[in-house]
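Here the sequence shown stands for residues 112 to 754, where the numbers follow the working numbering. Here a beta-carbon is modelled for each residue, glycine too, at the ideal position from N, C-alpha and C. Read through the structure below, which is laid out as structure tokens, and then see the notes.
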Amino acid sequence: MDQRRIWKKTISNWRIIIVFFIISLMLFALSKMYSPVSGLVANGKVDLLRVDFAQNETIDLNGQWEFYWDRLLTSEDFMTEHVPKMDSFIKVPGSWNDKEAGIKPYPNHGVATYRLILTYPDSLKDPALSLKTVSAAYKLYADGQLITEVGKVSDKLSHFQADYKQLIVDLPNSPIELELIVQVANLNYIRGGLRDSLVFGSKQVLVQQKIFLSAIQLIIIGIVFGFGLYYFLLFLLQRMNKTALLFSILCFTTALRASVWGETPLMVLFPKLRIQDGVFIEYITIYSLLPLIILFVISLYPMDYHKKSLTLILLPNLFFGALLLAPAGFRASFNSYFTILMLLQMIYILCVLIQAVHRRRDNALLLFMVISVFNFTILADLVRYKGMGSINLSYMFLYGNFAVVMAMSFIQARQQASTQQKLILYNQNLIEADRLKDKIMATEMSFLQAQIKPHFLYNALSAIANVCEMDGKKAGKLIIDLALYLRKSLEFNHLDKMETIKKELEFIDTYFNIEQARFGLKIRLQKEIEIPLNDQILVLILQPLVENAVRHGVSKKPGGGTVRLRMNQIDEGINIEIKDDGVGIPREKLPNLLTNEGKGQGVGLLNIHHRLLRLYGRGLTISSEEGHGTCVRLLIPERRKER
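Have a look at this one:
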């Protein structure tokens, strides 16, 4: 008992440690978002002479660049006697309106020039520069040469045009120094400037890195999309499985966001896609991610949350969803508020999962760790958005989301495996119950026959005794028929056995021979068999129905009657009719014949009906008119017919 308490206390301590670690990690990431970070670039210069580019090394040109606000300068401007006065050094990567970017924040909209003096070894024969996110249009100059222009750079809105392209550009092979000048214009977005690291190195290496990262990203997107498609199809087959639907939507959202992230494969696939469309995809996916995660978690643990708190935490997302209809600039002005909402939703998810872990829900601890990773990737997304500095977190979101999707898929697969095991167990129990039902049905049939057989035996033996006085040979044959009948009719432990129609007809003839010894020509049997006699049918089906027609139909009619057995082939299978012209069944009793209320009104009719239902999917059909006779029909479907 003491060991159990110690073990529980140890587990509880580990939970506290994990929660503390996750919260500390979140606080650390938040602190890094607003802490100044230095890079290799200092005071607008960077010395790379000692870098061994032969080892496939690339350098992020992060740090303090020269910054000239509201001016579009070129190299010629720095060759005159009146060198332009620098406004400040500014942090790259980052936005010029960030408080921590430079000495002061600059307006959201405007134009500016970034300048950097770069020295590198002459062993690098193919210098190149990789550019990603520059908001929102720019020109790149190197040693006075215009290298590339993305969009239209202008301080006039009528001439300005935003654009987005990821480029790897060749640079002049300068033996001593290389001057880089980037003119940036942003007249319509909330943030402007060099928002991603500019990466310097060998063009061959940069291209190889881009191809490798693009391949990895496409593989991840494909896997995540595949998971989403699988679980969406699973939902279509299991409409009550809301967890599968939520998970599939989460996968699709993650894949869509990843397509405009990193190497932006969506932009590569659709080069004419506007930058506004890419920004819209980023917003709609980031607005959706955490609500989807919350709904997914509560679908797994519906007993571990409160509806009021869920409503409060998700209600603000309706406002941000409406913002998707607003202009991008207006929408972006609410980003700080959305960041706060995201942090609150992260905490809410963790609280729900801590409750689930405390109550020892299935996979709760694993999901807690997975969601913690997910939260960290969102923090990394926020950090990247703020421009954290030298640490490149561009792919952390993608890899983190991939890990989350894989882990959640494992949880889903584990639940499905558990469900499958339960279904197998239930199936085994059903099979056992089915066997028990057979035994009960056999017992019921035995009970019915036990009630019937004494009267039948007495009447049959009396009839045989009368025959003995007139025809001993015929009496001997009747005794053999009676023995065969009794042996066959008491085989209750083989009710699922199949028998050929030929043998079943012989059994009917045996029964009828005995009854005719008693009733004579008062009862007659007509057979119309239009199918092969080697076709098979369930045992003890035809004879009890014929016996019912004799006992409750023609034998009670003063003048007797005829029992007609017809078997013919139709499109659906074998059609069987047992029809008599006896006394019929009262109208009020007819509806109850095949229900529990009708037990005892025939020789095991309900038993036969249930056996047919179980094997063929359809049972007996009884029609009757009082005073004119009864007809019992059954159909053996073609696909179930045994040969």
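Around the Cβ of residue 378, a 10 Å sphere holds 16 or more other Cβ atoms; the residue is buried. Here residue 546 is exposed, its C-beta having fewer than 16 other C-beta atoms within 10 Å. For residue 202, the enclosing beta strand (DSSP E) starts and ends at 199-203. Annotated three-state conformation of residue 238 is strand, per DSSP. Inclusion of residue 253 and residue 261 in the CB contact set at 8 Å is not warranted, their separation being larger than that value.
Between residue 232 and residue 160, the CB-CB gap stays under 8 Å. Taking 4 residues as the shortest admissible run, the segment 276-331 contains no complete alpha helix (DSSP H) segment at all.
DSSP, reduced to helix, strand and coil, places residue 178 within a strand of the structure shown.
In this structure residue 300 is not in contact with residue 153, their Cβ atoms being roughly 29 Å apart against a cut-off of 8 Å. The beta-carbon separation of residue 223 and residue 275, rounded to 18 Å, does not stay under the 8 Å limit for a contact. Taking a 10 Å sphere around the C-beta of residue 217, we find 16 or more other C-beta atoms and assign the residue as buried.
Excluding sequence positions up to five before and after residue 200, its CB lies within less than 6 Å of the CB of 175, all in the same chain and listed in chain order. Per DSSP, residue 547 has no beta bridge partner at all.
Under the Cβ criterion (8 Å, minimum of three pairs), the segment 320-339 counts as touching the segment 512-520. Straight across, the Cα-Cα distance linking residue 641 with residue 584 is about 34 Å. DSSP lists 684 as the beta-bridge partner residues of residue 748. Short of 7 Å from the beta carbon of residue 357, and not among the five residues preceding or following it, lie these beta carbons of its own chain, in chain order: 403, 406, 407, 410. Each residue's CA atom was taken as its position, placing residue 661 and residue 629 some 12 Å apart.
Secondary structure at residue 478: helix, using DSSP grouped into helix, strand and coil. Setting aside the 5 residues that flank it on each side, residue 657 is surrounded in the same chain by 619, 622, 623, 636, 674, 676, 689, each with a C-beta closer than 8 Å to its C-beta; the list follows chain order. Within the segment 417-476, the complete alpha helix (DSSP H) segments at least 4 residues long are 418-425, 427-434, 439-443, 446-469, listed from N- to C-terminus. Within the DSSP secondary-structure output, residue 396 pairs in no beta bridge. Counting along the chain, residue 611 sits inside the beta strand (DSSP E) bounded by residues 609-611. The beta-carbon distance between residue 693 and residue 741, rounded to whole angstroms, is 7 Å. This is short enough to meet the 8 Å contact definition.
Going by DSSP, residue 259 is part of the beta strand (DSSP E) stretching over 256-261. Put simply, the backbone Cα of residue 626 is about 12 Å away from that of residue 665.
Three or more Cβ pairs closer than 8 Å define a contact, and the segment 300-316 meets that threshold against the segment 161-171. Spatial neighbours of residue 181 in its own chain (CB-CB distance under 8 Å, excluding positions within 5 residues in sequence) are listed in chain order as 221, 222, 223, 266.
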